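Heads up, the thing below is written out as structure tokens.
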Amino acid sequence: MSPSDTSATKPRLDRAHVLALLRQMIRIRRFEDTCAELYTQEKIRGFLHLYDGEEAVAAGVIPALEPRDRIVATYREHGHALVRGVPMTAVMAEMYGKAEGCSGGRGGSMHLFDAARKFYGGNAIVGGGLPLATGLALADRMPDSGCVTACFFGEGAVAEGEFHEAMNLAALWQLPVLFVCENNGYAMGSALARTEALTDISRKPACYGIEARQADGMDVVAVEVAARSAIAKVRETGAPQFLECLTYRFRAHSMFDPQLYRDKAEVERWRQQGPIVKFRGWLLENGLIHEAEVAEIEQQVDAEIADAVAYAEAGGWVPLESLTAHVLGPPAAPPPAPAPSGELVEMTYREALRLGLRDALERDERVFLMGEDVGAYGGCYAVSKGLLDEFGEARIRDTPLSESGFTGAGIGAAAAGMRPIVELMTVNFSLLALDQILNSAATLRHMSGGQFGVPLVIRMATGAGKQLAAQHSHSLEGWYAHIPGLKVLAPATLEDARGMLWSALQDPDPVLIFENVMLYNRSGKIDSAAGAVEIASAAIRRAGTDLSLITYGGSLFKVLEAAEVLAAEGISAEVIDLRSLRPLDEATIIASVARTRRALVIDEGWRSGGLAAEVSARIMEQAFWSLDAPVGRVCSAEVPIPYARHLEQAAIPQVPAIVAAARALLGGG
Numbered sequence: 030m031s032p033s034d035t036s037a038t039k040p041r042l043d044r045a046h047v048l049a050l051l052r053q054m055i056r057i058r059r060f061e062d063t064c065a066e067l068y069t070q071e072k073i074r075g076f077l078h079l080y081d082g083e084e085a086v087a088a089g090v091i092p093a094l095e096p097r098d099r100i101v102a103t104y105r106e107h108g109h110a111l112v113r114g115v116p117m118t119a120v121m122a123e124m125y126g127k128a129e130g131c132s133g134g135r136g137g138s139m140h141l142f143d144a145a146r147k148f149y150g151g152n153a154i155v156g157g158g159l160p161l162a163t164g165l166a167l168a169d170r171m172p173d174s175g176c177v178t179a180c181f182f183g184e185g186a187v188a189e190g191e192f193h194e195a196m197n198l199a200a201l202w203q204l205p206v207l208f209v210c211e212n213n214g215y216a217m218g219s220a221l222a223r224t225e226a227l228t229d230i231s232r233k234p235a236c237y238g239i240e241a242r243q244a245d246g247m248d249v250v251a252v253e254v255a256a257r258s259a260i261a262k263v264r265e266t267g268a269p270q271f272l273e274c275l276t277y278r279f280r281a282h283s284m285f286d287p288q289l290y291r292d293k294a295e296v297e298r299w300r301q302q303g304p305i306v307k308f309r310g311w312l313l314e315n316g317l318i319h320e321a322e323v324a325e326i327e328q329q330v331d332a333e334i335a336d337a338v339a340y341a342e343a344g345g346w347v348p349l350e351s352l353t354a355h356v357l358g359p360p361a362a363p364p365p366a367p368a369p370s371g372e373l374v375e376m377t378y379r380e381a382l383r384l385g386l387r388d389a390l391e392r393d394e395r396v397f398l399m400g401e402d403v404g405a406y407g408g409c410y411a412v413s414k415g416l417l418d419e420f421g422e423a424r425i426r427d428t429p430l431s432e433s434g435f436t437g438a439g440i441g442a443a444a445a446g447m448r449p450i451v452e453l454m455t456v457n458f459s460l461l462a463l464d465q466i467l468n469s470a471a472t473l474r475h476m477s478g479g480q481f482g483v484p485l486v487i488r489m490a491t492g493a494g495k496q497l498a499a500q501h502s503h504s505l506e507g508w509y510a511h512i513p514g515l516k517v518l519a520p521a522t523l524e525d526a527r528g529m530l531w532s533a534l535q536d537p538d539p540v541l542i543f544e545n546v547m548l549y550n551r552s553g554k555i556d557s558a559a560g561a562v563e564i565a566s567a568a569i570r571r572a573g574t575d576l577s578l579i580t581y582g583g584s585l586f587k588v589l590e591a592a593e594v595l596a597a598e599g600i601s602a603e604v605i606d607l608r609s610l611r612p613l614d615e616a617t618i619i620a621s622v623a624r625t626r627r628a629l630v631i632d633e634g635w636r637s638g639g640l641a642a643e644v645s646a647r648i649m650e651q652a653f654w655s656l657d658a659p660v661g662r663v664c665s666a667e668v669p670i671p672y673a674r675h676l677e678q679a680a681i682p683q684v685p686a687i688v689a690a691a692r693a694l695l696g697g698g
């Protein structure tokens with residue numbers, strides 16, 4: 030078993046070192062055995078993925094990292110957490126779901142976090158941690174901190190698009206990531222040969238110019254040698270490295286798994302060459318340790334596990350009154366309102382957005398913009414035109430066409446303390462990044478018990494009206510407003526286009542900004558000193574007494590036009606611009622409805638299950654006895670948006686339909 034590598038990265042196999050390696054592997058194995066027993070007792074619930082057989086990977090890689098380095102793990106991450114130094118008591122308490130757990134009882138087995146040890150947790154989405162790791166590494170690359178991010182994942186992840194997107198980004202931007210593939214031969218219940226055309230995984234990174242090496246994942250010394258060499262190369266070059274560890278899990282995919290896809294003889298053959306058996310036998314054979322020392326390690330580990338179980342048993346349940354804690358971070362202080370200059374300047378909505386971007390980039394060196402064509406092209410809608418020349422490629426980053434990859438990278442960079450602005454070209458493309466937005470950006474703070482926030486801004490174009498047909502004419506902002514952990518904005522005015530971005534960047538949570546495509550060319554006058562605006566409240570754009578017209582984004586100016594038509598008929602309509610779709614400013618809505626006693630909601634989203642339905646429901650819940658008529662809605666027709674202009678216009682809310690609905694509410698038919 031003795032390695033032949035004589036490089037400077039070879040570990041010194043003195044007694045202290047080999048005992049430490051053996052102890053880490055025994056700790057993992059016995060901890061996992063205990064967790065399996067506790068699962069059968071129903072003290073640990075949910076999915077439980079055990080690491081038995083793979084101990085040499087965590088024990089060989091993680092000690093080769095420095096405390097300043099970062100780690101992204103998988104849902105099978107108990108061993109990674111223990112070797113990184115997360116206290117076993119805190120890990121076990123988290124398995125129980127107790128308040129004393131390392132994630133405050135909100136993460137459980139698959140989501141162990143420890144900010145102090147730069148342990149960015151497990152990820153229940155296969156491959157989901159790969160883009161996050163590239164973003165963490167990007168945050169270290171931009172100031173050249175010299176840190177390394179180690180990203181662990183199983184061989185099943187290499188079939189995911191996020192694997193390839195992350196490889197490409199890491200190679201393209203030369204990011205300091207060590208990708209560690211723990212190849213245990215089975216993606217859940219499917220053998221590698223049944224799921225991969227190319228089963229030699231170490232060859233895949235070569236397609237992206239990433240140096241890869243392969244190690245016997247059942248040999249802790251071989252893993253350590255390979256890991257030390259790879260980490261040294263990352264530090265030397267700043268470029269990514271790939272390490273495939275050929276290993277095997279002795280237990281099922283999870284405790285729910287009946288393991289019918291492999292026979293007991295196969296598992297037993299692998300157990301005979303398991304990492305602990307192999308390493309302990311070699312150490313004893315060569316006189317590096319004695320049986321008494323092994324027994325002492327086992328006794329110490331058993332005592333540590335007993336203490337951890339007792340700690341978890343004695344721990345307290347998370348109080349029910351804290352159910353909504355750690356969904357959002359501490360509220361950001363509203364930005365000071367700029368003093369008006371009195372000088373009005375003419376500009377378009379697009380130019381106002383560009384001013385907001387430039388202002389943010391000038392104010393804070395942590396801010397950078399990335400997305401498809403934001404640099405040399407100037408942005409699909411020309412919002413970022415000219416910024417590349419001003420701020421350079423490091424801060425205006427053109428990305429590949431890989432929405433999930435670069436959105437995940439933005440999330441990782443934000444979690445590491447940067448202030449990324451991610452531009453998704455259009456809202457329909459955001460669906461390719463929905464996994465990262467929903468499962469990482471919106472949940473990271475909650476799952477980590479408040480240890481990690483994601484101060485990220487994602488901008489995207491939304492809406493219909495340019496004859497772009499069904500796949501480029503969506504209004505899906507209501508979908509995103511459904512998700513806890515996100516904040517959703519819809520700027521309509523020049524002032525909001527200019528000022529919302531800076532306020533959003535001060536927020537501790539992910540903020541999505543939806544820019545309606547029909548507004549980019551709209552022009553008007555704005556105070557030359559206009560700046561940051563408060564982003565949590567609705568605005569009354571026109572006062573009225575007879576009914577409340579409630580809308581946002583691209584529909585605002587149609588609604589204002591409709592209010593003018595109604596005024597000519599003697600109807601006084603109050604126009605509310607929601608501005609913020611999550612959170613909704615209920616106070617302004619309900620106060621308006623209490624005055625006017627009628628409400629009409631105008632929403633370019635579809636009627637069924639849309640934002641208009643949500644606003645209507647809240648009015649009915651809180652202001653029912655104030656109403657003189659049912660709440661009305663004007664929404665897009667229940668069809669994919671057509672291409673032909675007359676059909677497209679008929680499909681989305683227009684002034685005549687708004688006026689007619691308002692008349693109907695007032696009994697005018």
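Residue numbers (my numbering): 30 to 698.
For glycine and all other residues, C-beta sits at the position ideal for the given N, C-alpha and C.
The structure displayed is predicted, hence computed values, not measured ones.
Using only alpha-carbon positions, find the residue among the options that is nearest to residue i.
i, options, result
"P40", "A251, D81 and F271", "A251"
"G214", "F182, P234, D169 and A680", "F182"
"N197", "G218, P205 and G434", "G434"
"E432", "A445, I648, M171 and M454", "M454"
"S413", "D393, E391, R387 and T436", "R387"
"A145", "M547, F481 and D575", "F481"
"S504", "S459, I239 and L656", "S459"
"G437", "Q70, L165 and G345", "L165"
"G267", "E643, A122 and S174", "S174"
"G446", "A572, E394, L221 and L204", "E394"
"D286", "L77, A470, A261 and H475", "L77"
"G697", "R488, D575, H675 and G157", "D575"
Given a cut-off of 8 Å, decide if residue j and residue i are closer than it, judged by their beta-carbon atoms.
i, j, result
"F208", "G478", "no"
"I334", "V396", "no"
"I326", "I55", "yes"
"D81", "R280", "yes"
"M529", "I542", "yes"
"V187", "Y149", "no"
"S577", "R627", "yes"
"I687", "K554", "no"
"I440", "V483", "yes"
"T704", "V456", "Any question about residue 704 goes unanswered here, given that the chain covers just 30 to 698."
"A690", "I600", "no"
"C64", "M124", "yes"
"Y290", "A122", "no"
"R170", "L204", "yes"
"E401", "T377", "no"
"R426", "L398", "yes"
"V594", "V668", "no"
"E211", "E83", "yes"
Roughly how far, in whole angstroms, is the beta-carbon of residue i from the beta-carbon of residue j, given that I think they are within contact range, below 8 Å?
i, j, result
"L518", "S609", "6 Å"
"N545", "G583", "3 Å"
"A361", "P537", "6 Å"
"E677", "G494", "7 Å"
"S645", "I569", "No, S645 and I569 are not in contact; Cβ-Cβ is about 19 Å, not under 8 Å."
"V347", "A128", "5 Å"
"R379", "Y410", "6 Å"
"E95", "L79", "No, E95 and L79 are not in contact; Cβ-Cβ is about 28 Å, not under 8 Å."
Taking 7 Å as the cut-off, is the CB of residue i close to at least one heavy atom of the ligand ADP?
i, result
"A145", "As for the ligand ADP, it is missing from this structure, which has no ligand bound."
Checklist entry - At what residue ranges does the stretch 480–544 contain a whole run of the beta strand (DSSP E), taking only runs of 3 or more? => result 486–491 and 516–518
Checklist entry - What runs of the beta strand (DSSP E), each 3 residues or longer, lie entirely inside the stretch 563–598? => result 568–571 and 576–580
Item to check | Inside the stretch 245–272 only - alpha helix (DSSP H) runs reaching at least 4 residues | outcome: Taken in chain order, the unbroken stretches of alpha helix (DSSP H) that lie wholly in the stretch 245–272 and span 4 residues or more are 249–266.
Item to check | Whole alpha helix (DSSP H) elements within the stretch 110–135, 4-residue minimum | outcome: 117–125
Checklist entry - Whole beta strand (DSSP E) runs in the stretch 155–231 with 3 or more residues, listed along the chain? => result DSSP runs (the beta strand (DSSP E)) wholly in the stretch 155–231: 178–183 and 206–212.
Next on the checklist: Please give the ranges of any beta strand (DSSP E) in the stretch 363–451, keeping only runs that are unbroken, at least 3 residues long and fully inside the region.
Outcome noted: 373–377, 396–400 and 425–427
Checklist entry - Is it a yes or a no for the stretch 558–572 touching the stretch 523–538, going by three-plus beta-carbon pairs under 8 Å? => result The stretch 558–572 vs the stretch 523–538: in contact.
Checklist entry - With contact counted as at least three CB pairs below 8 Å, one residue from each stretch, are the stretch 265–272 and the stretch 228–244 in contact? => result yes
Next on the checklist: Is it the case that the stretch 660–671 contacts the stretch 628–638, given that we only count it when at least three CB pairs across the two stretches are under 8 Å?
Outcome noted: yes
Checklist entry - Does the stretch 124–141 come within contact of the stretch 414–421, defined as at least 3 CB pairs closer than 8 Å? => result Cβ pair count under 8 Å is below three, so no.
Next on the checklist: Could you tell me which whole alpha helix (DSSP H) segments of length 4 or greater appear in the stretch 35–95?
Outcome noted: 44–69 and 84–90
Checklist entry - Is there contact here, the stretch 368–376 with the stretch 565–580, by at least three beta-carbon pairs under 8 Å? => result no
Item to check | beta strand (DSSP E) runs contained entirely in the stretch 611–653, provided each spans 3 or more residues | outcome: 628–635
Item to check | Any 3 or more C-beta pairs closer than 8 Å across the stretch 85–98 and the stretch 107–122 | outcome: yes
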